[in-house]
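According to my numbering, the sequence shown is numbered sequentially starting from 72.
Ideal Cβ placement from N, Cα and C applies to all residues, glycine included.
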Amino acid sequence: MAKPRGILLVRTDRIGELLLTTPAFGAVRESFPGAKITLIVKPSSSVVVEGNPCIDSIVKLDPGSDLDSLSKRLRFIRFLGGSGFDMAIIFNPSKFFNIAAFLAGIPVRVGYDRKLGFLLTNAIEDRKYLCEKHEVEYNLDLVTAAGAGILDRRLCFPLTETDERVAERISAQNGIAESAFVAVHPGTSNPDKLWPAERFSQVCDKIIDGFGVRVVLVGGEEEHRIADEVKAKMRNAAVDLTGRMALKEFGAFLKRSSLLLSCDSGPVHLASAVGTPVVVLFGEARPGGSSRRWSPYGEGQGPAAAGSIVVGRPKVTDITVDDVFKAASGILCKKK
Numbered sequence: 072m073a074k075p076r077g078i079l080l081v082r083t084d085r086i087g088e089l090l091l092t093t094p095a096f097g098a099v100r101e102s103f104p105g106a107k108i109t110l111i112v113k114p115s116s117s118v119v120v121e122g123n124p125c126i127d128s129i130v131k132l133d134p135g136s137d138l139d140s141l142s143k144r145l146r147f148i149r150f151l152g153g154s155g156f157d158m159a160i161i162f163n164p165s166k167f168f169n170i171a172a173f174l175a176g177i178p179v180r181v182g183y184d185r186k187l188g189f190l191l192t193n194a195i196e197d198r199k200y201l202c203e204k205h206e207v208e209y210n211l212d213l214v215t216a217a218g219a220g221i222l223d224r225r226l227c228f229p230l231t232e233t234d235e236r237v238a239e240r241i242s243a244q245n246g247i248a249e250s251a252f253v254a255v256h257p258g259t260s261n262p263d264k265l266w267p268a269e270r271f272s273q274v275c276d277k278i279i280d281g282f283g284v285r286v287v288l289v290g291g292e293e294e295h296r297i298a299d300e301v302k303a304k305m306r307n308a309a310v311d312l313t314g315r316m317a318l319k320e321f322g323a324f325l326k327r328s329s330l331l332l333s334c335d336s337g338p339v340h341l342a343s344a345v346g347t348p349v350v351v352l353f354g355e356a357r358p359g360g361s362s363r364r365w366s367p368y369g370e371g372q373g374p375a376a377a378g379s380i381v382v383g384r385p386k387v388t389d390i391t392v393d394d395v396f397k398a399a400s401g402i403l404c405k406k407k
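Here you go:
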């Protein structure tokens, strides 16, 4: 097979999933250095790959609003057909993108064997729901099917000097520039992943009492309510930076943290990408949600390599305050 000159990558889901695909993007770039690589992402996730040296062009596309009529879909297929792509790799199974790549005449079409997978030239079995291995490894399997070799498994989340300066300024403004602190992210978009706010409050108090560090609550704009609940039930004071940082600034801020304590959510993977250890809480019985697939990912593959600890029980609400404090202590003791 001739080396591709134009490669289309498709990953139109959330921030965490996109971050966990960056090693696969790197493998494609290393294997096909002369190709122009275009990535289709959702607008809400695109900041994850801004500045990524493996990507030449980013197309922001919301599959809902941008493809909600026949005319829009046909226009998009014409765009693909006229863009010179000779390979497409579709990371999240999609009937529409499988059809679009086929109708656009892209010669090599790589993806999973469901959702009209017969339209692909290189389809692999989709076993992700079994959680047999990490999401990063599933993504690397897909680019291997496209002929790519795997040289580097590190996540890529480029930070600029501006991002670092903003994080430093925010730290100074909140009195933590010279202090050790633990970032705590109690929110998540999936109610099945939530750990009770009062337990976060209790473990935050135990961390402050036991280690004399500051606790900083972090999260998105939509997570103010749970942050307020955690603060209200704490004996000690916490710094609340919920909704105060853009994503790259947040990544730079996490880089300064001794530890991130979080439910299973996107910030876990941001912290891994910038080298900050994580204590992450998992309900292991949730379908497709095992820590085997979604744990913090380090260069050596898996949470141990990243210096992180998974606290898992069948249901996340089975996890106790003592479980979490013990895990956090295991990391913080090493930083004394």
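Nearest Cα to ARG285 within the set LEU312, GLU293, ILE297, GLU300: LEU312.
Distance from the CA of THR192 to the CA of ASP157, rounded to the nearest whole angstrom, comes to 12 Å.
Using a C-beta cut-off of 8 Å, the stretch 216-228 makes no contact with the stretch 381-395, since fewer than three inter-stretch Cβ pairs fall below that distance. Between the stretch 102-112 and the stretch 76-91, the count of C-beta pairs closer than 8 Å reaches three or more; the two stretches touch.
When GLY97, LEU132, CYS125 are compared, the shortest CA-CA separation from LYS113 is found for LEU132.
Straight through space, the alpha carbons of PHE96 and VAL301 are spaced by roughly 38 Å. In this chain, the alpha helix (DSSP H) harbouring GLY87 covers 86-90.
Counting along the chain, ARG76 sits inside no alpha helix (DSSP H), nor does DSSP assign it H or E at all.
Nearest Cα to PRO164 within the set LEU145, SER333, ARG357, ILE195: ILE195.
For GLY182, the uninterrupted beta strand (DSSP E) run begins and ends at 179-183, by DSSP. If you draw a 10 Å sphere on the C-beta of GLU293, you find fewer than 16 other C-beta atoms in it, and that means exposed.
Taking ALA98 as reference, the option from ALA175, ARG82, ILE161, ASP212 with the minimal CA-CA separation is ASP212. For LEU403, same chain residues with a beta-carbon under 6 Å away, outside a window of 5 residues either side, are PHE282 in chain order. Following the DSSP letters along the chain, one finds ILE195 in no alpha helix (DSSP H) but inside the beta strand (DSSP E) bounded by residues 193-195. When beta bridges are read from the DSSP output, SER333 appears opposite HIS256, VAL351. Burial check for GLY182: the Cβ neighbour count within 10 Å reaches 16 or more, so the residue is buried. Inter-residue distance for ARG296 and GLU249 is about 29 Å (C-alpha atoms, whole angstroms). Contact holds between the stretch 136-151 and the stretch 172-179, because three or more Cβ pairs, one in each stretch, are under 8 Å apart. Taking the C-beta atoms as reference points, VAL351 is found no nearer than 8 Å to SER328.
ASP276 carries a helical assignment under DSSP once its states are collapsed to helix, strand and coil.
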